[in-house]
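Heads up: the sequence lines are chains A and B, in that order.
The first sequence begins at 1 in our numbering and counts up by one.
The second sequence begins at 1 in our numbering and counts up by one.
Read the structure below first, then the notes.
There are 2 protein chains.
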Amino acid sequence: MTVSRVLNRRPNVDDRTRAIVLKTAKKLGYRPNQIAQSLALNRTFTIGVVVPEISHSFFPEAIRGIEEVTYKAGYHLILTHSAETAERERDAIQMLESKRVDGILLSAAQDVQDDTIYRQLMKVGVPLVFFDRCVRGIGASCVSIDDEESARVITHHIIAHGYQRIGHLAGPLHLSVGRERLNGFKRALEESGMHCDESLILESGFQETGGYAAMMKLLDLPESRRPRAVVAINDPAAYGAIKAVLDRGLSVPGDVAVVGFSDDIRAPLMPVPLTTMRQPAYELGKAAAERLLAVVKGSVTSAEDVIVKTSLVLRSSCGCWDDGTYNPPGSLL
Amino acid sequence: MTVSRVLNRRPNVDDRTRAIVLKTAKKLGYRPNQIAQSLALNRTFTIGVVVPEISHSFFPEAIRGIEEVTYKAGYHLILTHSAETAERERDAIQMLESKRVDGILLSAAQDVQDDTIYRQLMKVGVPLVFFDRCVRGIGASCVSIDDEESARVITHHIIAHGYQRIGHLAGPLHLSVGRERLNGFKRALEESGMHCDESLILESGFQETGGYAAMMKLLDLPESRRPRAVVAINDPAAYGAIKAVLDRGLSVPGDVAVVGFSDDIRAPLMPVPLTTMRQPAYELGKAAAERLLAVVKGSVTSAEDVIVKTSLVLRSSCGCWDDGTYNPPGSLL
DNA sequence: TTGTACGCGTTATCAA
DNA sequence: TTGATAACGCGTACAA
């Protein structure tokens, strides 16, 4: 017991005994057993993180932000990877629960269809904060960009340049990110009094291959109905789209302008540098971790959305270098 | 106790009691407490991973490989990030030890100077396997590419194209990766009967900024002594070098040829696509994880190096498209 | 200031 | 097949 007091720097220990304990501990190579601590304290000082795809460039950045915050607060990270499948995500969540993590940061997998697993977590009382890919309405906080507003801004940018027939490579519509960006896209069209041609909206998913396939379909349309510009759900999808356009022997932005979402590391290096909405992954990770730690510590109880600001990064894929200062009316960003 | 037997699928339980237990467990929303399990079993089914820099593209890929193997084996990952500093690496190792992970996979931070911390780990008996950035001679297995041989191969490739005055942007020489690639570089020169000009060998570190600074110094040399080709320690350093050359108004490979090491995601997208030795990060991660699990399970006791094969990826930065089939005498790769 | 008894949730061991 | 008891290593509460 006295040993415990010394190691936890409690005040009421005689300096002499303290010295003896420390010396013997060092001599024996003593290492506190955090497993036993956790069992006694019912806390693990560990945060579980679930990402859909760790090799996505956005997520490593976000994880770094998370790590930065949790490290300083004395917490550790258990990292899991759902490989975009609901099944592995479930596995991960259950393991994290078994390991009694103090909280979970989660970005939903692409093919997640129902939210019962999240609801269970909330019911059991495991602090849960979503980041980037959120599931709303279950009482968990969500840290992300303002997807609808951001999509609205970049679409307005495209519109302002005079493009007609604008298409959208949408994300999975059962995820908020997919729905909200679609909403922002549509709202921009409406606000500009433009017709929204539903045949130019295709679900592409988050990957390059999906973007390629969806863009190919759009290019199969007769030229009069083919989109003159495309807003992609994210950068990888935009890469696929660019590739599709080039593979058809067409040019970006000459024949089809393409814009993305993320500003991932490859965006400026594309054959046609990509115009995109920059999502500050690192800051988003930090904000998510801070939010979760607040919930863990009990200083925050209500669910609340934290919005991280995006910014429009202009490159050549939209063909609008000239109007870089344009902002849609009443932009929040 | 009977409950424990049921949940662990032990055979000697009456089917009737088993059913009752399972039903009640579900009704109560029972979740096994792995913390208590770990305390009792003295195993955590958790592997600690220490990487120097998670946003490096090589490491997320490697982590994915690690995750793939450990996930299937029922192990979890605690991920830590040393931010290339010895201090944070030490912290990470100690925390992992406190958390009683079953083993540690580690890639050494750039500024690690001594290996006492690793030796301690070995002495205490924590299974330890290095990957990519190894520390040898302390009895831990090491999974990496054959750095010396790989550097030799790519240098021979450069030499075969007829370049004279070849420089090297070296990694930290207190890390095996730095020393070995330098050795391979020198050996290729020797084997070709070329003089090794020490003034063309500069330590650049692993980052783009270091590569840029080192290359700038080389470009400050009078043109007659300036290197005609440069072998960089890795791709980011090569990116910096390319940028430096272009910033000086010179061309790659026209004035200076540049080759890298990694084949990271940006390599084909550079203003001058980068010739590089491909390091299969995913496979390397898998191999490292497999090796560690073997050590954990006790089926392997001796330290042994596992070599993952590299391959030469030819792009335009070396100016040698034509001789893609060239291989130095006696190449292992 | 120091030490004792107990509990955290699980498994191993041995007895019923 | 089932159950009782001890043990894992620590912290809390309280007594000495």
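For glycine and all other residues, C-beta sits at the position ideal for the given N, C-alpha and C.
Computed from a predicted structure; not experimentally measured.
**Where Val124 (chain B) meets chain A, residues with beta-carbon distance less than 8 Å** = Gly29 and Arg31
**Item:** Burial state of Pro253 (chain A) (16 or more Cβ within 10 Å)
**Value:** Pro253 (chain A) is buried by the Cβ-count criterion.
**Message:** Closer than 7 Å between beta carbons: that is the criterion. Which residues of the stretch 32-53 of chain A meet it against chain B?
**Reply:** Pro32, Asn33, Gln34, Ile35, Ala36, Ser38, Leu39 and Thr44
**Contact set for Arg152 (chain A): own chain, Cβ-Cβ below 6 Å, skip 5 residues either direction** = Gly184, Arg187 and Ala188
**Request:** Find the residues of chain B that neighbour Glu87 (chain A), judging by a C-beta separation of less than 8 Å, and give them in chain order.
**Result:** Neighbours of Glu87 (chain A) on chain B: none; closest Cβ ~12 Å, over 8 Å.
**Request:** Please name the residue in B:Asp114, B:Ile158 and B:Ile154 whose C-alpha comes closest to that of Gly137 (chain B).
**Result:** B:Asp114
**Prompt:** Whose C-beta lies closer than 7 Å to the C-beta of Ser57 (chain B) among residues of the same chain, with five residues either side of it excluded?
**Reply:** Asp264 and Ile265
**Asked** What do you get for Met1 (chain B), buried or exposed, if any count of 16 or more other CB atoms within 10 angstroms of its CB means buried?
**Response** exposed
**Request:** Compare the C-beta of Leu189 (chain A) against all C-beta atoms of chain B and say whether one is closer than 8 Å.
**Result:** Answer no: the Cβ-Cβ gap between Leu189 (chain A) and chain B never drops below 8 Å.
**Message:** Between which two residues does the beta strand (DSSP E) holding Met277 (chain A) run?
**Reply:** Thr275 to Arg278
**Item:** Backbone CA spacing between Gln94 (chain B) and Ala109 (chain B) [nearest angstrom]
**Value:** 15 Å
**Prompt:** Cβ of Leu79 (chain B) less than 8 Å from any chain A Cβ?
**Reply:** yes
**Request:** Please confirm whether any heavy atom of the ligand FMN lies closer than 7 Å to the CB of Thr24 (chain B).
**Result:** This structure does not include the ligand FMN; it has no bound ligands of any sort.
**Message:** Taking the alpha carbon of Val51 (chain B) as the reference point, which residue from B:Ala92, B:Tyr30 and B:Asp247 has its own alpha carbon closest?
**Reply:** B:Ala92
**Request:** Identify each residue in the stretch 54-69 of chain B for which the Cβ-Cβ distance to at least one residue of chain A is less than 9 Å, and report them in chain order.
**Result:** Taken in chain order, the members of the stretch 54-69 of chain B whose beta-carbon sits within less than 9 Å of a beta-carbon on chain A are Ile54, Ser55, His56, Ser57, Phe59, Pro60, Glu61, Ile63, Arg64, Glu67 and Glu68.
**Message:** If you reduce the DSSP assignment to three classes, tell me which class Ala92 (chain A) lands in.
**Reply:** helix
**Message:** List, in chain order, every chain A residue whose beta-carbon is nearer than 8 Å to that of Ile166 (chain B).
**Reply:** Going along chain A, no residue has its Cβ under 8 Å from Ile166 (chain B), so there is no contact; the nearest lies around 27 Å.
**Request:** Can you grab the Cα-Cα spacing for the pair Ser204 (chain B) / Ile233 (chain B), in whole Å?
**Result:** The C-alpha of Ser204 (chain B) lies about 8 Å from the C-alpha of Ile233 (chain B).
**Prompt:** Quick one: what does DSSP say Thr80 (chain B) is sitting in, helix, strand or coil?
**Reply:** strand
**Asked** Buried or exposed: where does Ser317 (chain A) fall if 16 or more other Cβ atoms within 10 Å of its Cβ makes it buried?
**Response** Buried, by the Cβ-count rule.
**Item:** Residue-level contact to chain A via CB, Leu269 (chain B), 8 Å cutoff
**Value:** yes
**Request:** Check the DSSP bridge columns for Ser144 (chain B) and list the partner residues they point to.
**Result:** Beta-bridge pairing links Ser144 (chain B) to B:Ile307.
**Asked** Counting Cβ pairs closer than 8 Å, one from the stretch 53-69 of chain A and one from the stretch 281-293 of chain A, do we hit at least three?
**Response** yes
**Item:** N- and C-terminal bounds of the alpha helix (DSSP H) containing Thr70 (chain B)
**Value:** Taken as a continuous stretch (DSSP letters only), the alpha helix (DSSP H) holding Thr70 (chain B) covers Phe58 to Lys72.
**Request:** Mind listing the chain A neighbours of Ser4 (chain B)? Cutoff is C-beta to C-beta under 9 Å, in chain order.
**Result:** Within 9 Å Cβ-Cβ: nothing; Ser4 (chain B) doesn't reach chain A, min ~14 Å.
**Asked** Name the chain B residues whose beta carbon is nearer than 8 Å to that of Arg358 (chain A)?
**Response** The requested residue 358 (chain A) is not part of the displayed model; chain A covers only 1 to 333.
**Request:** Taking all protein chains shown into account, decide if Thr44 (chain B) is buried (16 or more other Cβ within 10 angstroms of its Cβ) or exposed.
**Result:** When all chains shown are included, Thr44 (chain B) counts as buried.
**Request:** Below 6 Å CB to CB, which residues in the same chain sit around Ser311 (chain A) once its five sequence neighbours on both sides are set aside?
**Result:** Arg278
**Asked** Anyone know if the C-beta pair for Ser38 (chain A) and Ile35 (chain B) falls short of 8 Å?
**Response** yes
**Prompt:** What runs of the beta strand (DSSP E), each 3 residues or longer, lie entirely inside the stretch 182-270 of chain B?
**Reply:** 201-203, 229-232 and 257-262
**Request:** Give the residues of chain A in contact with Arg266 (chain B), contact being defined as C-beta atoms less than 8 Å apart.
**Result:** Ile265, Arg266 and Leu269
**Request:** Measure the C-alpha to C-alpha separation of Val129 (chain A) and Lys297 (chain A) and round it to an integer number of angstroms.
**Result:** 13 Å
**Asked** Which whole-angstrom value describes the C-beta separation of Ile78 (chain A) and Leu96 (chain A), a residue pair presumed to lie in contact below a C-beta threshold of 8 Å?
**Response** 6 Å
**Prompt:** So, do the stretch 80-87 of chain B and the stretch 10-23 of chain B have three or more beta carbon pairs nearer to each other than 8 Å?
**Reply:** no
**Message:** Within the continuous alpha helix (DSSP H) that includes Thr85 (chain B), where are the two ends?
**Reply:** Where Thr85 (chain B) is concerned, there is no enclosing alpha helix (DSSP H), given that its DSSP letter is neither H nor E.
**Request:** My understanding is that Arg90 (chain B) touches Ile117 (chain B), with C-beta atoms under 8 Å, so please give their C-beta distance in whole angstroms.
**Result:** 6 Å
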